[in-house]
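From first to last, the protein sequence lines stand for chains A and B. Under my numbering, read the first sequence as residues 1 to 300, first letter to last. Under my numbering, read the second sequence as residues 1001 to 1283, first letter to last. Just so you know, even glycine gets a beta-carbon here, dropped at the ideal spot from N, CA and C.
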Amino acid sequence: MAKPRVKQSKIAKRQARNFYLYTAPWLIGFIILTLYPVLYSFYLMFTDMNLSGASHFVGLDNWIYAFTDDQLFVKAFVNTIKYVVIFVPTSLILAFFVALLLSRKVKGLGFFRTAFYIPYITSGVAVTILWGWIFQRDFGIINYVLSLVGIKGPNWLGDKNIAMISIVILSLWTIGNNIIIMLAGIQDIPTSYYESAQIDGAGFLRQTVNITLPLCTPTIYFNLIVTVIAAFQVFQQPLILTNGGPLNSTYTAAMHLYNNGFLYGKMGYASMMAWSMFAVIMVITIVTVSTSKYWVFYDD
Amino acid sequence: MPTKSQKKGKIISRTITYLILGIAALICLFPFLWMISTSFKPMSEIYSMPPTLIPKSPTLENIIEGWKGADFGLFFKNTAFITLLATVGTVLSSSVVAYGFSRFQSRLSPFLFVVLLGTMMLPSQVTLIPQYLLYNKLHMIDTYWPLIIPSWLGGGAFNIFLFIQFFRSLPKELDEAAEIDGANSFQVFYKILLPSVKPVMLAVLVMALVYNWNDFFNPLIYLNSNDKFTIAIGLQFFKGSQGNVQIGQMMAMALVSLLPVLVIFATCQKYFIQGIKMSGLKG
């Protein structure tokens, strides 16, 4: 009896040793670049730490300042939520719709997939600058096209009521990966469902509503969570296109964090920003996860 | 047999499908055509109405002047250097770590796997400030270290997860057979398992290449001196110095900065699509 037990523990030891050996890069990275920073930033939120490293414990002062004297804190969050509320549903509906059309055995699928994917793969400073030129009021191509049909185009980036919509439009242009994930989700649905629906005389619309859409909800659910988390951190597009303007109408939470931390050196305050963003994201995610049982269908 | 009207309905719905997809594809691709067009137009033509798609008097001036306007050659070299080191690190470290997770167990391994998945949900802002302060303490601000080190320490939970999924799908008999032949655990990894997940490796590789090439936020935070700038920061800096006045040069440089990404995409499209599909699998 004693012998096999020794052998067992020897194998277990070897297993554990190898586990830590091979996962060591991630473990070290996790401790230094994630665990310690998370704990430290939680502490920093209650301090007035600046770039030079001087710091005092200030309790809830950062939070009080955010909600009383900092005019931009609430504004930045409202703007960000506005962006998320407009962008996330439209991007999901659009991605589903385009994927649905692509799933109809179209010829040239490869071409379309490439066309929709290129904006995603190139999304960065270069295409953001490009869109600044496309949105230009007097010489931009959008307003020229609008003028052809007799519409006087708006000042896309200079009008405080429209600038955020323009940023959403640019973001909608880069949803190629969502389309491909949705398409893969639709293509996973067994064809037998459609065959029996066809026998029952159900048309494309009814098949979509009764088969494709419900069986695609796990994919939509996954895209929803990922997109919300990413959208809440929107930073690069407003920074480059409008720098938060006009009249701070496109000034987002991530920009407020960046400005406080890296332009004004207010590291304690920036940490408070980070945690408040995290809190909002967590709340949205928890609500999404806990309501998922009412609308996400698993086919098994 | 479908009736005539059913057939007709089918043709109409097909036509509408192609029409919508065609318009959508045009919307996706046209901005690039517009960028190319603007890049080769002289200033007078850029601001002429009605605009032309094909330049009437094409010129290379924007590319030449734009390239000279800032040190773009150097920005390219810097970006290539960072991208290369970060990408190699990502592929190597994420695959090794995934091997550890998928083939070995310890008392803490199930817990650590949950932690790994949990880090995917963590917005990067939460760790940003302390990371910056840490690199600052180590005198690594305005160096490439902060842009490269994380890639060598796991290379992102998502990539690790991708490899884990595929290592787990490989039968353990494969490893055992190799072990009987005298292979040690590392040889099992790089002689048996790694070659079997080549498509995943290539997917992670091309996505890391593009991610690092496009990365704007990290270079923005960590790099200060002009001669260390990457192409993304260089472009933004160039925009700041030229404003909208030199739109032709701006478009020309934006176009040039995209070329490597477009070339990688054109040659490795299959692996990108694979990578995206795999990323949807966990849903």
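In this structure, Val78(A) keeps its C-beta atom at 9 angstroms or more from the C-beta atom of Ile167(A). A Cβ of chain A is located within less than 9 angstroms of the beta carbon of Ser1013(B).
Here the C-alpha atom of Ile1233(B) lies approximately 47 angstroms from the C-alpha atom of Leu205(A). Contacts with chain A (Cβ-Cβ distance below 8 angstroms) from the region 1258-1269 of chain B involve Leu1258, Val1261, Leu1262, Phe1265 and Gln1269, listed in chain order. Nearest Cα to Leu1194(B) within the set Ser1102(B), Trp1152(B), Ser1257(B) and Ile1273(B): Ser1102(B). Within the region 153-201 of chain A, the complete alpha helix (DSSP H) segments at least 4 residues long are 163-172, 176-187 and 191-199, listed from N- to C-terminus.
Taking every protein chain shown into account, the CB of Met164(A) has 16 or more other CB atoms within 10 angstroms, so this residue is buried. Per DSSP, reduced to three states, the secondary structure at Lys1198(B) is helical. Straight through space, the alpha carbons of Asn1224(B) and His56(A) are spaced by roughly 28 angstroms. A check of alpha carbon separations from Gly1275(B) across Val1210(B), Pro1219(B) and Met1251(B) identifies Val1210(B) as the nearest.
Any Cβ of chain B closer than 9 angstroms to the Cβ of Tyr20(A) would place that residue at the interface, and such an atom is present. Residue state for Phe30(A) is assigned as helix, using DSSP reduced to three classes. For Val58(A), the closest alpha carbon among the candidates Ser292(A), Val280(A), Ile284(A) and Gly268(A) is that of Gly268(A).
In the same chain as Val1197(B), and ignoring 5 residues on each side of it, the C-beta atoms closer than 6 angstroms to its own belong to Phe1166, in chain order. The DSSP-derived three-state label of Phe57(A) is strand. Between the region 13-32 of chain A and the region 1084-1103 of chain B there are three or more C-beta pairs closer than 8 angstroms, enough to call the two in contact.
Within chain B, no residue has its beta carbon less than 7 angstroms from that of Gln198(A); the closest one is some 11 angstroms off. Thr1090(B) and Ile93(A) have their C-alpha atoms roughly 33 angstroms apart. In the DSSP assignment, Ser147(A) falls within the alpha helix (DSSP H) that extends over Ile141 to Leu148. Put simply, the region 208-215 of chain A touches the region 193-200 of chain A. At least three CB pairs are less than 8 angstroms apart. Taking all protein chains in view, the Cβ of Trp1213(B) is crowded by 16 or more other Cβ atoms within 10 Å, so the residue is classified as buried. The residues Ser1037, in chain order, have a CB closer than 6 angstroms to that of Leu1053(B) in the same chain once the five nearest residues on each side in sequence are set aside.
Residues Tyr1144, Ile1148 and Ser1151 of the same chain have their beta carbon placed closer than 8 angstroms to that of Leu1085(B), with the five preceding and five following residues left out of the count. Taken through DSSP and simplified to helix, strand or coil, Asn248(A) comes out as coil.
In the DSSP assignment, the residues bridged to Lys266(A) are Asn50(A).
For Ser1185(B), the neighbours in chain A by C-beta distance under 7 angstroms run, in chain order, Asn18. Note that the region 148-164 of chain A does not touch the region 1254-1268 of chain B; fewer than 3 beta-carbon pairs, one per stretch, sit closer than 8 angstroms. Identification of chain B residues near Ile281(A) by a Cβ-Cβ cut-off of 9 angstroms yields Met1121 and Pro1123, ordered along the chain. Around Gln187(A), the same chain offers Ser103 as residues with beta carbons nearer than 8 angstroms, after the five sequence neighbours per side are excluded.
For the region 1048-1070 of chain B, the set of positions with a beta-carbon nearer than 8 angstroms to some beta-carbon of chain A reads Met1049, Pro1050 and Pro1051 in chain order. Within chain A, the C-beta atoms nearer than 7 angstroms to that of Ser1109(B) come from Phe19, in chain order.
Under the Cβ criterion of 9 angstroms, Tyr40(A) is counted among the residues facing chain B. Those residues of the region 1017-1044 of chain B placed with their C-beta closer than 9 angstroms to a C-beta in chain A are Thr1017, Tyr1018, Ile1020, Leu1021, Gly1022, Ala1024, Ala1025, Leu1026, Ile1027, Cys1028, Leu1029, Phe1030, Pro1031, Phe1032, Trp1034, Met1035 and Thr1038, ordered along the chain.
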